[in-house]
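J.: First the structure, then my questions, so here it is.
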Amino acid sequence: MSKNNLDMTQGNPLKLLTTFTLPSLASSLLSQVYSLTDSLIVGQFLGETPLAAIGVYIPIVFLIGSMIIGLNVGVGITMGQCFGRRDYSQMRHALANSIYLGLGLGLFSAFAGSPLAGTILRLMGTPEGPMADATSYLRITFLSTVFPTFYYLFSNAFRGMGDSKSALYCLIVSVVCNIGLDYLFIAAFHLGVAGTAYATALAQGLSVVFAIIMLYRKYPKMRFTKADLHPDWKLFGAISKLSLPIAAQYGFNNLGNVLVQGCINGFGETVMASYTAASRLSTFCLMPTETIGSSLSVYAGQNYGAGKKDRICLGVHAAMIMNAAVSAVLAAVILLFGKLLVQLFMDEPAEKFVAIAWNSLLLAAVPGVIYGAAQVYQQVLRGIGQANHSMVGSFFQLSAKLLIAAIGTFWLKNLDVVWLSWPISYIVGCLYPCWYYKKKSGLDQLPAH
45 MSKNNLDMTQ GNPLKLLTTF TLPSLASSLL SQVYSLTDSL IVGQFLGETP LAAIGVYIPI
105 VFLIGSMIIG LNVGVGITMG QCFGRRDYSQ MRHALANSIY LGLGLGLFSA FAGSPLAGTI
165 LRLMGTPEGP MADATSYLRI TFLSTVFPTF YYLFSNAFRG MGDSKSALYC LIVSVVCNIG
225 LDYLFIAAFH LGVAGTAYAT ALAQGLSVVF AIIMLYRKYP KMRFTKADLH PDWKLFGAIS
285 KLSLPIAAQY GFNNLGNVLV QGCINGFGET VMASYTAASR LSTFCLMPTE TIGSSLSVYA
345 GQNYGAGKKD RICLGVHAAM IMNAAVSAVL AAVILLFGKL LVQLFMDEPA EKFVAIAWNS
405 LLLAAVPGVI YGAAQVYQQV LRGIGQANHS MVGSFFQLSA KLLIAAIGTF WLKNLDVVWL
465 SWPISYIVGC LYPCWYYKKK SGLDQLPAH
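Count the sequence shown with our numbering and you get residues 45 to 493, in order.
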């Protein structure tokens, strides 16, 4: 395979995870750059109501995206296990069958999701002001689901082979195109919020084309043969068995955000716009810890496939060190510069806008080390094929977030209590995966030196 492939079944775990995570981290941060760009451009050019519209549809888009990512993380783990065994034929076969899964998901989203866009937003209590913009964006997103599905499919295929750099290159293509198209469609063509949806879909489509060309040219052993393209229902079932719980887990995490957004909508457009700015920044800050956990799942998958279970505990220990270091730096950035960053989202931000966004940012982003710990334990369970137990943690996390947000909205009518749903859910989401890993998985034993 390519010299860019990283074999994580031998060598120092901290060094391996750092080497693998850095390109993946750059990818994750870049993906947030164009999400931030959408909001910044809309806020600066179009104002508070369109920015509030972004706040309405973004949790739904994240929910769709999280399920897509979850399905494709399963693909990456499957390919990582095959790579650990050096079974390239099975890797090709798994990728081909995953493409069929992606096509089915894209078609289902286009035909089933698009007609329901307005209904979903009304059920969330969306005010009339941002309703039209949010509906337009959401319909375009449902119709173009196939593009992000294939984008994440090929990115996780590269990552499963230990090549996080190629996944980064694909993302760079997407980000550069997205930012340029955002300015073109909004500032030049005046397409409004819908322009950001067109820009994102087109940019991801171009990135998919780039990924296919790169895979074909860079990895001759991954070029499909006729036999590889034959549908294998047993393999398809195995991929689905691994992927669907992960997709459900990602979905659980983001379903809470969708339902909490419904609570926030009841506080008015200013709160909605403030939350949009804060959520963009907090997502940007939490993404590095997610990336560390995701890298650990590939590491665990390769070592599990190679039968080197004693190395997995060392990987968990290394990931925890990385999580603590990264979270401390990002928390410091938020504490020092959070208010200044929030003000970038509006041309002339009102004092209330800044105050609400700042409170939300403090409670969602600063406790990132707890969120990172939950990610480490959840992702290592995914890497060893225990995605169902990882999903239990996500279910508890969702339940805690909804309970606290509902108390803050409907009983106490206190927005700060709603913001507390984030750190409390991080703690609750960490408990079960940590317990299972330490007591039931049989992996929490450092090898003798």
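Beta carbons are placed, not taken as given, at the ideal position from N, Cα and C, and that holds for glycine. Since the model is a prediction, treat every value here as computed from it, not as a measurement.
1) Apply the 10 Å Cβ neighbour rule to residue 269 and answer buried if 16 or more other Cβ atoms are within range, or exposed otherwise.
2) In angstroms with no decimal places, state the Cα-to-Cα distance between residue 337 and residue 314.
3) Where residue 159 and residue 183 are concerned, what is the direct C-alpha to C-alpha distance, given to the nearest angstrom?
4) What separation, rounded to the nearest whole angstrom, lies between the Cα atoms of residue 340 and residue 139?
5) In its own chain, which residues sit with a C-beta less than 6 Å from the C-beta of residue 428, not counting the 5 before and 5 after it?
6) Using 8 Å as the threshold, is the segment 327-336 in touch with the segment 54-68, meaning 3 or more CB pairs across them?
7) Tell me where the alpha helix (DSSP H) around residue 444 begins and ends.
8) Where does residue 169 sit, in a helix, a strand or coil, going by DSSP?
9) Could you check which residue in 215, 151, 441 has the C-alpha nearest to that of residue 187?
10) According to DSSP, is residue 352 part of a helix, a strand, or is it coil?
11) Using the rule of at least 16 other Cβ atoms within 10 Å of the residue's Cβ for burial, across every protein chain shown, is residue 482 buried or exposed?
12) Is the distance from the Cβ of residue 473 to the Cβ of residue 461 below 7 Å?
13) Mind checking whether residue 437 and residue 422 have CB atoms under 7 Å apart?
14) Is residue 247 closer than 7 Å to residue 218 when the C-beta atoms are compared?
15) To the nearest angstrom, how far is the alpha carbon of residue 280 from that of residue 134?
16) Check whether the Cβ atoms of residue 448 and residue 434 sit closer than 7 Å, and answer yes or no.
17) Just to confirm the assignment: which complete alpha helix (DSSP H) runs, minimum length 4, are found wholly within the segment 173-243?
18) To the nearest angstrom, how far is it from the Cα of residue 491 to the Cα of residue 323?
T.: Checking against the coordinates, here is how it stands:
1) If you draw a 10 Å sphere on the C-beta of residue 269, you find fewer than 16 other C-beta atoms in it, and that means exposed.
2) As the crow flies, the alpha-carbon of residue 337 is around 34 Å from that of residue 314.
3) 7 Å
4) 21 Å
5) 344, 348
6) The segment 327-336 vs the segment 54-68: in contact.
7) 431-450
8) coil
9) 151
10) coil
11) exposed
12) Not in contact: residue 473 and residue 461 (Cβ atoms no closer than 7 Å).
13) A contact, by the Cβ cut-off of 7 Å.
14) For the pair residue 218 and residue 247, the CB atoms are nearer than the 7 Å cut-off.
15) Rounded to the nearest angstrom, the gap between the Cα atoms of residue 280 and residue 134 is 12 Å.
16) No, these two residues do not count as a Cβ contact at 7 Å.
17) 190-204, 208-226
18) Note that residue 491 scores a pLDDT of 45, beneath 50, so its modelled location is shaky and nothing firm can be said.
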